[in-house]
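Asks:
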Amino acid sequence: MPLMDEFREEREQIKKAPLPQKLQYFKDYYLLPTLFIAFVTIVSILLLRSTIFKRPESLYITMINFTAEDAAEENVKQAFEKQALSSKKDYIAIDSNTYIAADTQESDLIKYGYEDEQKLLSLVMSGSLDFVVSGQDVIERYIKQDWFDDLRTIIDPALVESLEGEGKLLYAGDVPVAVCVDDAALLTANYTYNGKEGESLYAAFPAGSKRRELAAGFLLFLMGKE
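Residues in the sequence shown are numbered from 36 upward in steps of one, following our numbering.
(1) Could you please give me the residues that DSSP links to Ile129 through a beta bridge?
(2) Between Phe166 and Ser131, which are expected to be in contact by the criterion C-beta below 8 Å, what is the C-beta distance as a whole number of angstroms?
(3) How long is the line joining the alpha carbons of Ser161 and Leu94, rounded to whole angstroms?
(4) Thinking C-alpha only, which one of Leu249, Leu254, Leu257 and Phe256 is nearest Ser121?
(5) Taking all protein chains shown into account, decide if Pro68 is buried (16 or more other Cβ within 10 angstroms of its Cβ) or exposed.
(6) Less than 8 Å between the CB atoms is what I'm expecting for Thr227 and Glu150, so what's the real figure, rounded?
(7) Classify Lys245: buried if its beta carbon has 16 or more other beta carbons within 10 angstroms, exposed otherwise.
(8) Since Ile127 contacts Lys112 with CB under 8 Å, what's their CB separation in whole angstroms?
(9) Starting from the C-beta of Arg247, find all residues in its chain whose C-beta is less than 6 Å away, skip the five residues before and the five after it, and write them out in chain order.
(10) Looking only at C-alpha atoms, which of Phe240, Thr133 and Phe253 sits nearest to Ser163?
(11) Within its chain, find whatever has a CB closer than 7 Å to the CB of Ala119; leave out the 5 residues flanking it on each side and keep chain order.
(12) Evaluate Leu257 with the Cβ neighbour count: other Cβ atoms within 10 Å of its Cβ, from every protein chain shown; 16 or more gives buried, anything less gives exposed.
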């Protein structure tokens, strides 16, 4: 008997078979292919949905060794989004869950994470990290690794000169790369620093970021100079 005739005969027999036999036939021949097709379909839909509906990240900020207070979301993140972003689809990301020790042997830091170190490095290398705030010891560690750009190319040089006169800058050689934000009330009221006690807080702009204007605006926002 030709193969197609045999197949048709088998299908006719299944149509007339009792329900348990039909279910067994389905399990034997169609269950795995059906499950595979369903899995591929669901994954494709989820990927398509995430691509279509993903909100574009406009700014990525890392607060190293900080803990966000309950009001930080509203007072800092949402307030700056409302002030600086033109579209409700845009948003800023503020990461306050990164812990780095200036000295890997320090035992007084709550957490020292190798993964956090690698995450930071990958963000900087990819140009995805726009703004960093941390203690002076941590910032100086990354200054030595040439992480930060010249402040004069990012914010008003007149403001840089004024901050220099107030002794609020850190340098890479003779290039100003970080600004003291100890007196930024918006920062200190909404974030608690958990790094090395007694360290001044500094903000800097990682090299390679392409969102300079918005990052500069966030610094001025924190400092109350917008």
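Positions of the beta carbon are idealized from the N, C-alpha and C atoms, including for glycine.
Replies: Let's see:
(1) By 1-based counting over the sequence shown, the position of residue 129 is 94. According to DSSP, Ile129 shares a beta bridge with Ile96.
(2) On the sequence shown, residue 166 is found 131 positions in, with the first residue counted as 1. On the sequence shown, residue 131 is found 96 positions in, with the first residue counted as 1. In this structure, Phe166 and Ser131 do not form a Cβ contact; the two beta carbons are roughly 12 Å apart against a cut-off of 8 Å.
(3) Indexing the sequence shown from 1 puts residue 161 at position 126. Indexing the sequence shown from 1 puts residue 94 at position 59. Just so you know, the alpha carbons of Ser161 and Leu94 end up roughly 14 Å apart.
(4) Along the sequence shown, one-based indexing puts residue 121 at 86. For the set Leu249, Leu254, Leu257 and Phe256, the Cα lying nearest the Cα of Ser121 is the one of Leu249.
(5) The residue given as residue 68 occupies position 33 in the sequence shown. Answer is exposed; the Cβ neighbour count stays below 16.
(6) In the sequence shown, counting from the first residue as 1, residue 227 sits at position 192. In the sequence shown, counting from the first residue as 1, residue 150 sits at position 115. About 22 Å; that fails the 8 Å criterion.
(7) The residue labelled residue 245 in the question sits at position 210 within the sequence shown. By the neighbour-count rule (16 or more Cβ atoms within 10 Å), Lys245 is not buried but exposed.
(8) The residue given as residue 127 occupies position 92 in the sequence shown. The residue given as residue 112 occupies position 77 in the sequence shown. Rounded to the nearest angstrom, the Cβ distance from Ile127 to Lys112 is 6 Å, consistent with a contact under 8 Å.
(9) As a first step, residue 247 is located in the sequence shown; it is residue number 212 there, counting from the start. Result list for Arg247: Ile189, in chain order.
(10) Walking along the sequence shown from the start, residue 163 turns up at place 128. Considering only alpha carbons, the answer is Phe240.
(11) As a working mapping, residue 119 is identified with position 84 in the sequence shown. Contacts found: Leu249 and Gly252.
(12) Taking the sequence shown and counting its residues from 1, the one referred to as residue 257 is at position 222. With 16 or more Cβ atoms within 10 Å of its Cβ, Leu257 is classed as buried.
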